[in-house]
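K.L.:
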Amino acid sequence: MPPNAQGAPWVRTRLRTAPVSTVAFGVLVLVTAFLAAVLPRAVEAYETEGLREALATASPESTVLELKAPQPGLELPDPARADAVRPEALAAVDGRARALLPAPLRADPAESAYGVRTGKSLEALDASLPRPDGLPPKFTLLAQSQAAGHATVREGRLPAAGTPVTVDTRVVEGAVTTETARTLRLRAGSTLTLAGFPDGPLTVRITGILQPRHPQRSHWSAEPVLRTPALASTGSRPPLYYWEAGVLLAPGAAPALLGGQGEPEKYWRFAPATGRLTAGDISALVGAAASLEDGPGLVRMHQVAGPTAQLSTGLEQVVGSYTDNRDAITPVVAVAAFGIAAVAVGVLVMSAGVAAARRAAELALLRARGGSLRGIAGRLLAETAVPAVPAAACGLLLAVLVVDEARPLPAVLGAGAVALLACAALPARAVVAHRRPRAHQERDDLAEARPGGRRTVAELTVLVLAAGSVAALRRRGTDGAGDLLVSAAPVLVGLVAALLLVRLYPLPLRWAAGPAGRLRGVVGFLSLARAARSPAAVATLPLLALLTALTTAAFGGSVLAGVADTRDRAALLETGADARIDTTDGTPLPAGLARTVRDGAGVRQVTAVGFEFASERASDETRSLTVVGVEPETYAELARQMGLGGFAADRLGSGGGVLDAVASPEVAERLGRAPRRIVTDGAAVTVRITAVRPRTPAVPEGEFLLVDAAGLKGSGGPTTLLAAGAGLDAKALRTAVRGAGSNLSVTLRAEERAALSDSPLQAGAERIYGWAVLAGAGYAVLALVLGLLRSAPERAALLARLRTLGLTTRQGRHLLGLEALPLALLAAGGGMAVGWATVGVLAPGIDLDRLAVAGSSDATAPQGAVLRADLWSLALPAAGAVLLAGAVAVAQAWWAGRLTPITHLRTGDMR
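If you read the sequence shown in the working numbering, its first letter stands for residue 369, the second for the next number, and so on.
(1) Hey, how far is the Cα of Ala-1243 from the Cα of Gln-1179?
(2) Using a 10 Å radius around the Cβ and a threshold of 16 neighbouring Cβ atoms, would you call Trp-378 buried or exposed?
(3) Checking 7 angstroms against the spacing of the C-beta atoms, do Ala-790 and Leu-731 come in under that value?
(4) Unbroken beta strand (DSSP E) runs of length 3 or more, entirely within the segment 496 to 578: which are they?
(5) Relative to the C-alpha of Ala-1249, which candidate in Ala-1196, Asp-695, Gly-1023 has its C-alpha closest?
(6) Could you work out which residue in Leu-1170, Leu-1186, Ala-1151, Leu-1252 is closest to Val-722 when comparing CA atoms only?
(7) Throw me the rounded Cβ distance for the Leu-1184 and Leu-1167 pair, which I believe falls under 8 angstroms.
(8) Answer with buried or exposed for Asp-692, where buried requires no fewer than 16 other C-beta atoms within 10 angstroms of its C-beta.
(9) Whole angstroms are fine: how far does the CA of Val-832 sit from the CA of His-670?
(10) Three-state secondary structure (DSSP) at Phe-981?
(11) In angstroms with no decimal places, state the Cα-to-Cα distance between Leu-1194 and Val-1202.
(12) With a CB to CB cut of under 6 angstroms and the five nearest residues on each side skipped, what residues in its chain are close to Thr-548?
(13) Take the Cβ of Glu-443 as the centre, count every other Cβ of all protein chains shown within 10 Å, and call the residue buried at 16 or more, exposed below.
(14) Using 7 angstroms as the threshold, is the C-beta distance between Gly-1084 and Pro-956 below it?
(15) Three or more C-beta pairs under 8 angstroms: does that hold for the segment 493 to 502 against the segment 401 to 413?
(16) Let's test the definition: count the other Cβ atoms within 10 Å of the Cβ of Pro-428 and tell me whether it reaches 16, buried, or not, exposed.
(17) Would you give the residue range spanned by the alpha helix (DSSP H) that Thr-400 belongs to?
(18) Cutting at 6 angstroms between CB atoms, please list the residues of its own chain near Thr-400, excluding the five before and the five after it.
(19) Counting only the same chain and skipping the five closest in sequence on each side, list residues whose C-beta sits under 7 angstroms from that of Gly-746.
(20) Report the rounded CA-to-CA distance for Gly-925 versus Val-1141, giving the unit in angstroms.
(21) Can you look up Pro-956 in the DSSP assignment and give me helix, strand or coil?
(22) Is it buried or exposed, Lys-506, if we count other Cβ atoms within 10 angstroms and call 16 or more buried?
(23) Are the segment 619 to 637 and the segment 527 to 539 touching by the rule of at least three beta carbon pairs closer than 8 angstroms?
(24) Look up Lys-1099 in the DSSP assignment and say whether it is helix, strand or coil.
(25) Between Gly-517 and Gly-576, what straight-line distance do the alpha-carbon atoms span, to the nearest angstrom?
(26) Give me the Cα-Cα distance between Gly-1093 and Val-1149, rounded to the nearest whole angstrom.
(27) Reducing DSSP to helix, strand and coil, say where Thr-1002 ends up.
(28) Taking the Cβ atom as the reference point for each residue, do Ala-759 and Leu-1157 lie within a distance shorter than 7 angstroms?
(29) Find out if the Cβ-Cβ distance for the pair Leu-666, Leu-653 is shorter than 7 angstroms.
(30) Would you kindly check if the distance between the Cβ of Leu-1074 and the Cβ of Val-1030 is under 7 angstroms?
(31) Who are the near neighbours of Ala-556 in its chain, counting only those whose CB is closer than 7 angstroms to its CB and skipping five residues on each side?
(32) Under DSSP, the alpha helix (DSSP H) around Ser-586 begins and ends at which residues?
(33) Would the segment 1018 to 1033 count as touching the segment 1050 to 1062 if we require 3 or more Cβ pairs under 8 angstroms?
(34) From Thr-602 to Gly-682, what distance separates their C-alpha atoms?
(35) In angstroms, rounded to a whole number, what distance separates the CA positions of Gly-850 and Leu-841?
(36) Can you tell me whether Ala-865 is buried or exposed, with buried defined as 16 or more other CB within 10 angstroms of its CB?
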């Protein structure tokens, strides 16, 4: 070649020679980079959504930031004191204080308010007001801002301060909500006479009845009595009750509160704006709240609201509760992340192995002709970087488009790691395989391969790590947030099992080859011999990837199945049946309601139950024992259908004045099995416990005593209906119940089940596990295909040679299918066994309560969420792997049969 002449560019030439494999490699990198980038973004997205929902659903009393300052000092003249509480002065402080809120705290102007309130409620002197126990009601007076924008006037008008109100003013205008007016029998034009003023009571003239537009938001609910009156207790024994309510005054009427003994105080309430908060703001949010309560933030507030001002909020407790739930769920989700990451790494390495094997002769020739390892590795790095880097960038962009509102750095790091691995895998494999020039290719099949010392040390290291992770997980569970070793336990267990199976893989093939050689045909013996002499890389890497993928799929599927079962059980424990109808006031059910419900669509069984309360001894003053009167036949049948303490109907018989009963364990322990006399609301009865059940449909949680309702004297009748039916028509059932009376409530098991998965944290974690199962299955398929493609040219050449010796097309298909079968069967059987063992070993350390049940509580899920091996999650991926291996082998045999044998029988071909 002339000195100035240049050859064809290496990268362009190599990529053009194998366009299909280049595109396939780029697609693999794109999908893997997308998964690596979208996973942290999806986790952060559902954590952000969970944080916002936790703040939005918490009571405004807990989330609002309330800055309070006492009334102006008595040493000031009355006009100065009145000016300090007028709307203009309070608005100025509000603006300056809002600007001092530290990031990421921001106030929602629409729901924030300021004003003056009485710290001590004032007693009403009006005899016309309701008095439950003879005690007069008490009122909290609030001169609060922005009332016009948060209420609709139903009657009258908004209160106003027509003339300048002073400290000595004793007549002001006020307004109450519709609930306050209905409860305390007020209307526009009513007057309230309030004690607590030295020179005569304060008269509040009610000018309007208001309907709150958003009663659950901060403006109305930060001070609950302003929206809804409540019964308060004196704390005496027995307690006496009185009404506590709120009255809204005009903002300009605030000076009138300074002349009484209601301990008036100025306040500024800042409702936090949650629209821009993210999961990454949690630490800063808690720190900002702590600073405002007792830190530098409070010092700055003193500069605008006075040196005695105090700020209080329950925001830290709300965020802390959310953080506890998040920290309990995160390690469980990390298990899925580790599994899919391990499988993805294995498949990327396998793809590099396939490329290295395909070009082994080329690279060996380059080394023999003086090519340096650095030069070869650099060219291979450039080759792989051309498709890998743009593909990883596209995967990152796709992840950003799919999931928004998340920090970019974790996604960039994930996609970058995938690009780096994809670029470096092929050069690294080539450097290791060709670190010294070779005249010919040595045998590397399983029959000749002998594990070296380095491999043994590496496998023992993995074994020690797996044992340590399993021990740590079983000992302390997933409570240690951020403990990567514990989260990697399922992957390490699968990896150890895969390494063990790789060592044992040749043995059964050698044992089976002997009997197969004595058969008449050659297909069986050849297939086993070929499988035993397959290259070590062809058997090892696919088996590792397959076992890890199947273990991840089995573990993830078992988690999802355990979550679903726990939610079903929790919903059943909430209702006791598929539908539960109760009277809200404890009165008997309307006549004919049971027949109406029984005739409804999808209802299979209906039974009515009544509740009585009894004392276990005649001398007991309190009646704490729950006695349930049932109809034996229908109730026993429903209990069996629901799986809640089923029993034979004859267990509730009667005879000789004694009622047979079914009791909870606690009640049975106290009453014993001998006849026992108890005193109910109607009369005294004698009961004898004939069976003990931990729970029953009428009382899913708690103590109970079931008896035949016909034997209860003086019973008021049933108060609850329990219905069973898989296809209940909820709308028709509610319509029928609504027509029977207004004091009936309907609770459906299906609705309770749906409510348990409403939490964004739980729904997001469940989606992550679903993706992990699907991705694990997909990568398992890809690992199997790559393993078969690795040896495809060699098998095609063998099939061509055997066809020249008389092998039929059908025998060729059988040969390739049987050759691929041992590895697939080993992976499938090993995957099922390892998945089952992994779930069994790790189950004691996996706590799925918070993942399964929103606000996990013992009352909702008494047995907790228990991780159990799911048969379908074990069997389906394994069966799919076997079927796919057979299908790929048959397809290869069919394709090879279409080609002329001369293609594979060229002179000098080393295959």
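In this text, a Cβ means the ideal position worked out from N, Cα and C, and glycines have one as well.
What you are looking at is a predicted structure, and each value in this text was computed from that prediction instead of being measured.
P.N.:
Looking at the coordinates:
(1) Whole-angstrom Cα-Cα distance: 29 angstroms.
(2) Looking at its Cβ environment, which holds fewer than 16 other Cβ atoms inside 10 Å, Trp-378 is exposed.
(3) Taking C-beta atoms as the reference points, Ala-790 and Leu-731 fail to come closer than 7 angstroms.
(4) Correct list: 506 to 512, 519 to 524, 539 to 545, 559 to 562.
(5) In terms of Cα proximity to Ala-1249, the closest of Ala-1196, Asp-695, Gly-1023 is Ala-1196.
(6) Taking each of Leu-1170, Leu-1186, Ala-1151, Leu-1252 in turn and checking the Cα distance to Val-722, the smallest one comes out for Ala-1151.
(7) Yes, they are in contact, since the Cβ atoms of Leu-1184 and Leu-1167 sit about 7 angstroms apart, within 8 angstroms.
(8) Asp-692 is exposed by the Cβ-count criterion.
(9) Their Cα atoms are separated by approximately 59 angstroms.
(10) In the structure shown, the three-state DSSP call for Phe-981 is strand.
(11) Leu-1194 and Val-1202 have their alpha carbons spaced roughly 11 angstroms apart.
(12) Excluding positions up to five away in sequence, the list reads Pro-597, Ala-613.
(13) By the neighbour-count rule (16 or more Cβ atoms within 10 Å), Glu-443 is not buried but exposed.
(14) Using a Cβ distance threshold of 7 angstroms, Gly-1084 and Pro-956 count as a contacting pair.
(15) No, the segment 493 to 502 does not touch the segment 401 to 413.
(16) Pro-428 is buried by the Cβ-count criterion.
(17) Start and end: 387 to 425.
(18) Excluding sequence neighbours, Thr-400 sits near Ala-712, Val-786.
(19) There are no such residues.
(20) Going by the C-alpha atoms only, they are around 6 angstroms apart.
(21) When DSSP states are grouped into helix, strand and coil, Pro-956 belongs to the coil group.
(22) The residue in question, Lys-506, is buried, as its Cβ has 16 or more Cβ neighbours within 10 Å.
(23) Below 8 angstroms, enough C-beta pairs join the segment 619 to 637 and the segment 527 to 539 to call them touching: three or more.
(24) Residue state, collapsed to three classes: helix.
(25) Distance between Gly-517 and Gly-576, taken at the CA atoms: about 15 angstroms.
(26) The C-alpha of Gly-1093 lies about 41 angstroms from the C-alpha of Val-1149.
(27) Helix at Thr-1002.
(28) With respect to the 7 angstroms criterion, Ala-759 and Leu-1157 are not classified as neighbours on the basis of their beta carbons.
(29) No, they are not a contact pair.
(30) Taking 7 angstroms as the Cβ cut-off, Val-1030 and Leu-1074 qualify as a contacting pair.
(31) Answer for Ala-556: Glu-523, Gly-524, Ile-574, Thr-575, Gly-576, Ile-577, listed in chain order.
(32) Per DSSP, the unbroken alpha helix (DSSP H) holding Ser-586 starts and ends at 586 to 589.
(33) Segments in contact, yes.
(34) In this structure, the CA atom of Thr-602 is about 26 angstroms from the CA atom of Gly-682.
(35) In this prediction, Gly-850 scores a pLDDT of 46, lower than 50, which makes its location untrustworthy; the coordinate-derived value is nonetheless stated afterwards. Rounded to the nearest angstrom, the two C-alpha atoms are 13 angstroms apart.
(36) The Cβ neighbour count for Ala-865, taken over all protein chains shown within 10 Å, is at least 16; the residue is labelled buried.
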